[in-house]
Amino acid sequence: MDSREDDGGEPLSRMAEWRDVTPLPQDDGPNPVVPIAYKEEFRETMDYFRAIYKADERSPRALRLTRRAIHLNPGNYTVWHFRRLVLEALNADLDEELDFLQRIANSNSKNYQLWHHRRWVVERLGANARAKELNLIKKILSIDAKNYHAWSHRQWVLQALGGWEDELDYCQQLLEEDIFNNSAWNQPCHEFRDSVVALRTSDTDPLGPDLSMAICDILEHVDSLRASYWIWRKNKLSVAAV
Amino acid sequence: MATREWNPLDFDIGEEEDEEGTPSPSSISPPLQYFDRDRHVAFLEMMYNLMPHHYQSQEINRLTLAFFTISGLHLLRALDRVDKDRVADWVLSFQAHPRSRAELKIGQFYGFHGSRTSQFPPDENGVSARNAGHLASTYCALAILKTVGFNLLTIDKESILISLRNLQQPDGSFMPVDVGAETDLRFVYCAAAICFMLEDWSGMDREKAKEYILKCQSYDGGFGLMPGLESHGGGTYCAVASLRLMGYIEDDLLSKTVTSSIINVPLLLDWCMQRQAIDGGFQGRANKPSDTCYAFWIGAVLRILGGYKFIDKIALHRFLLTCQSEFGGFSKYPRDLPDIYHAYYGYTAFSLLEEPGLNPLCAELGMTDLTAIGII
């Protein structure tokens, strides 16, 4: 992740810009459990973050500090939340924020906080952001076609901003690349889903009990991992048929 | 350890399932043919005393790390390794306290902080800046307190329960923190578990939560983390365990002759059974590689339904041993480096398999039966 653009990774205590701030160490009490052997850079960054956060300083340097803290612990929802407060206070350019998120996306593609933050940005950019956002998600899916967060975000964008008309083609393309991509099968493209639901909603076994029992017989031998399940299923069917 | 695994406890671990199971050459010796309890106890003891710097990216989840460690030791019948009073005092120090009862309804959640990131000592007026109680941390805090035998009746449970309502959304789902975050089944589960442990359902609208859960059942029988999302082992666990805790489904459903249930049980059972792969392990979604933790997430669902007896236990046991680390703990994939999250769910999986020397598991709470019932 490239967080060094602004401060070069120098210790904060040696930077003139931070001279007026007293870092605030954590108070873990007299007998902490599962203490972590923090590296110096981490400890220092979070001590400065605590100071800025407590003082509620919403400044450009605070924004840069949140980026540094995000790099070190990208799951820290408190840091992300404070970043949003600072972005609002500074009336920051949210297109730039989307660019920042895209740059760190690959090393944070499974990070709930990043995706939530992204959603927050897109909500503020509105319908204009739709095409760009759908494309950004495609890029992530091109690296990992089953990324659950990416699919979840994609569904949200489509529901909030529209665009379903092109989605079936996209899923078809993904399935041509990998027919076993269950995420692509799941995408609620309605024509496909409606027919699957119709197949599944009957109370009785759609194949008829005799054929079902024969299938369970076969599976008991062919799918030996689940043999006991197929036996139970077959016996349950014969009870139901009476 | 930059990227995120799914987890109701919002835990952030190593790479998720995109590498298709490529093992790292961390161990050249063949896997042990047995569950090595002593090695695991040593692993957890080390974590209890000091976690390696790699876990600093998990800073925000200190309480979750503590839960895995302490509950893990209890599963291994090694709780004597911890100083229970010290643990209770430390956990209690994370609780957020309102200044007055009036504060409970204006929007904030007075549960437990997950870490010291945003926890500050009160100023001269007794005001604590920045309450950041989190649902998952609260679940972990209560679970740890119960594990070490602390009497939950003595904590300020009213503040937790009254303010818990602030986190429930109109659609029945829960947000984990009051300042805004994603809402999904993970946090419905945390809320249900919190109310269950505090023995008080005034903290949530169960009916609305149930409605949300039912909307998450997918066309193939499993549950996604949110309505419309792909069926997922973790989502399915959160759904079924929550329904069980809230009292909407009975124990051991399969052995009863109930003809109807609020969820499609046959389809759910099918989905769960299909998740055991040819290597014996469990996958989290169709056509994904087997991963240690799903032996718990999906195994526990089967246990709740009464269908655990159908799985191939020998094959699962064999798979899990390939994920057992020579350093103690378990890894996500075979022959990889261990982490505390997969270690914990490896232990719960072995408990479900009734491994000798382990305490039995309460499937719907994800901790020992003894803790769930309240026996020290």
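Protein sequences appear in the order of chains R and L. Residue numbers for the first sequence follow full-length UniProt numbering, beginning at 1 and rising by one. Residue numbers for the second sequence follow full-length UniProt numbering, beginning at 1 and rising by one. Don't be surprised by glycine CBs; every beta carbon is placed ideally from N, CA and C. None of these values were measured; they are calculated from a predicted model.
Look at the alpha carbon of Leu50/L and the alpha carbon of Arg39/L, and state the distance between them as a whole number of angstroms. Start at 1 with the first residue of the second sequence, and residue 50/L comes out as number 50. Start at 1 with the first residue of the second sequence, and residue 39/L comes out as number 39. Going by the C-alpha atoms only, they are around 17 Å apart.
Closer than 9 Å by beta-carbon distance: list the chain L residues that pair up with Trp164/R, in chain order. As a working mapping, residue 164/R is identified with position 164 in the first sequence. What Trp164/R touches in chain L: nothing, since even the nearest Cβ is about 12 Å away.
Can you tell me where the alpha helix (DSSP H) holding Phe319/L begins and where it ends? For this step, residue 319/L is matched to residue 319 along the second sequence. From DSSP, the alpha helix (DSSP H) with Phe319/L extends over 313-322.
Between the stretch 93-111 of chain R and the stretch 77-85 of chain L, are three or more C-beta pairs nearer than 8 Å? Touching, no.
What are the boundary residues of the alpha helix (DSSP H) that includes Asp270/L? Locating residue 270/L in the second sequence gives position 270, counting from the first residue. In this chain, the alpha helix (DSSP H) harbouring Asp270/L covers 265-274.
How many angstroms separate the CA atom of Asp369/L from the CA atom of Ala349/L? In the second sequence, the residue the question calls residue 369/L occupies position 369. In the second sequence, the residue the question calls residue 349/L occupies position 349. Roughly 14 Å separates the two Cα atoms.
Please determine if the stretch 32-47 of chain R and the stretch 52-70 of chain L are in contact, where contact requires at least 3 C-beta pairs separated by less than 8 Å. Result yes; three or more Cβ-Cβ pairs closer than 8 Å.
Measuring CB to CB, does Glu364/L end up less than 7 Å from Ile304/L? For the purposes of this step, residue 364/L is taken as the residue at position 364 of the second sequence. For the purposes of this step, residue 304/L is taken as the residue at position 304 of the second sequence. Annotated as proximal: Glu364/L and Ile304/L, with beta-carbon spacing under 7 Å.
Counting contacts by CB-CB distance shorter than 7 Å, is Asn106/R in contact with chain L? Position 106 of the first sequence, counting from 1, holds the residue named residue 106/R. By this cut-off, Asn106/R is not an interface position.
One question on the structure: do Gly224/L and Gly235/L come within less than 7 Å of each other, judged by their Cβ atoms? Position 224 of the second sequence, counted from the start, is the residue given in the question as residue 224/L. Position 235 of the second sequence, counted from the start, is the residue given in the question as residue 235/L. A distance below 7 Å separates the beta carbons of Gly224/L and Gly235/L.
Identify which residue in Arg50/R, Ala150/R, Gly163/R, Asn235/R has its Cα closest to the Cα of Arg130/R. Taking the first sequence and counting its residues from 1, one reaches residue 130/R at position 130. When only C-alpha atoms are compared, the closest one is Gly163/R.
Candidates Ser228/R, Gln102/R, Asp210/R, of which the one nearest Ala150/R by Cα: What you label residue 150/R is simply residue 150 of the first sequence in a count that begins at 1. When only C-alpha atoms are compared, the closest one is Gln102/R.
Determine, using beta carbons only, whether Arg186/L and Ser115/L come nearer to each other than 7 Å. In the second sequence, residue 186/L corresponds to position 186, counting from 1. In the second sequence, residue 115/L corresponds to position 115, counting from 1. Cβ atoms of Arg186/L and Ser115/L: not closer than 7 Å.
How about Gly203/L and Cys190/L: are their beta carbons less than 7 Å apart? One-based indexing of the second sequence puts residue 203/L at position 203. One-based indexing of the second sequence puts residue 190/L at position 190. No. Outside cutoff.
Quick check: the Cα distance between Leu32/L and Ser255/L, rounded to an integer number of angstroms? On the second sequence, residue 32/L is found 32 positions in, with the first residue counted as 1. On the second sequence, residue 255/L is found 255 positions in, with the first residue counted as 1. Take the alpha-carbon of Leu32/L and the one of Ser255/L: they are about 36 Å apart.
Straight-line gap, Met273/L to Ser325/L (C-alpha atoms, nearest Å): Position 273 of the second sequence holds residue 273/L. Position 325 of the second sequence holds residue 325/L. Approximately 27 Å between the Cα atoms of the pair.
Measuring CA to CA, which of Tyr294/L, Leu145/L, Ser290/L, Leu353/L is closest to Asp85/L? Translated into the one-based positions of the second sequence, residue 85/L becomes position 85. Cα-wise, what sits closest to Asp85/L is Leu145/L.
So if I threshold CB-CB distances at 8 Å, which residues from the stretch 46-80 of chain R count as touching chain L? The stretch 46-80 of chain R vs chain L, Cβ under 8 Å: Met46, Phe49, Arg50, Tyr53, Lys54, Leu72, Asn73, Pro74, Gly75, Asn76, Tyr77, Thr78, Val79.
Would Leu142/L and Met197/L be called neighbours here (beta carbons separated by less than 7 Å)? Indexing the second sequence from 1 puts residue 142/L at position 142. Indexing the second sequence from 1 puts residue 197/L at position 197. Cβ atoms of Leu142/L and Met197/L: closer than 7 Å.
Counting only beta-carbon separations shorter than 7 Å, does Asn287/L have a partner in chain R? Taking the second sequence and counting its residues from 1, one reaches residue 287/L at position 287. Yes, because at least one Cβ of chain R sits closer than 7 Å to the Cβ of Asn287/L.
Using Cβ-Cβ distances below 8 Å, what residues of the stretch 50-66 of chain L are close to chain R? Residues Leu50, Met51, Pro52, His53, Tyr55, Gln56, Ser57, Gln58, Glu59, Ile60, Asn61, Arg62, Leu65, Ala66.
Spatial neighbours of Leu114/R within its chain, please: CB distance less than 6 Å, with the 5 preceding and 5 following residues excluded, ordered by chain position. Counting from one through the first sequence, the residue named residue 114/R turns up at place 114. Here the set comprises Asn108.
State the Cα-Cα distance for the pair Ala209/L and Ser173/L, rounded to the nearest angstrom. Along the second sequence, read from residue 1 onward, the residue named residue 209/L stands at position 209. Along the second sequence, read from residue 1 onward, the residue named residue 173/L stands at position 173. About 6 Å.
At which residue ranges does the stretch 69-137 of chain R contain complete alpha helix (DSSP H) runs of 4 or more residues, listed in the order of the chain? The qualifying runs are 77-89, 94-103, 112-125.
List, in chain order, every chain R residue whose beta-carbon is nearer than 7 Å to that of Gln95/L. Residue numbering aside, residue 95/L sits at position 95 when the second sequence is read from its first letter. Correct list: empty, because the minimum Cβ distance to chain R is about 12 Å.
Which whole-angstrom value is the C-beta distance of Thr64/L and Cys140/L, which I expect to be below 8 Å? Here residue 64/L refers to the residue found at position 64 of the second sequence. Here residue 140/L refers to the residue found at position 140 of the second sequence. Yes, Thr64/L and Cys140/L are in contact; Cβ-Cβ is about 5 Å, under 8 Å.
For Thr69/L, return the contacting residues in chain R, with the cut-off set at a CB-CB distance below 7 Å. What you label residue 69/L is simply residue 69 of the second sequence in a count that begins at 1. The answer, in chain order, is Val34.
What three-state label does DSSP hand Gly21/L in the structure shown? For the purposes of this step, residue 21/L is taken as residue 21 along the second sequence, with counting starting at 1. Here Gly21/L scores only 42 on pLDDT, less than 50, and its place in the model is too uncertain to base an answer on.
The stretch 93-119 of chain L: positions lying closer than 7 Å to chain R by Cβ: Cβ contacts with chain R: Ser93, Arg116, Thr117, Ser118.
Hey, would you say Asp178/L sits closer than 7 Å to Phe109/L, going by beta carbons? Taking the second sequence and counting its residues from 1, one reaches residue 178/L at position 178. Taking the second sequence and counting its residues from 1, one reaches residue 109/L at position 109. Cβ distance < 7 Å, so Asp178/L and Phe109/L count as in contact.
For the alpha helix (DSSP H) that Gly84/L lies in, which residues bound it at each end? Stepping through the second sequence from its first residue, residue 84/L is reached at position 84. Contrary to the premise, residue 84/L reads as Lys rather than Gly in this sequence. Per DSSP, Lys84/L belongs to the alpha helix (DSSP H) from 84-92.
Selection from Ser142/R, Ala105/R, Trp156/R, Tyr112/R that minimises the alpha carbon distance to Gly126/R: As a working mapping, residue 126/R is identified with position 126 in the first sequence. Checking every option, the nearest Cα to that of Gly126/R belongs to Trp156/R.
Length of the line joining the Cα atoms of Asp223/R and Glu354/L: Position 223 of the first sequence, counted from the first residue, corresponds to residue 223/R. Position 354 of the second sequence, counted from the first residue, corresponds to residue 354/L. Going by C-alpha positions, Asp223/R is about 25 Å away from Glu354/L.
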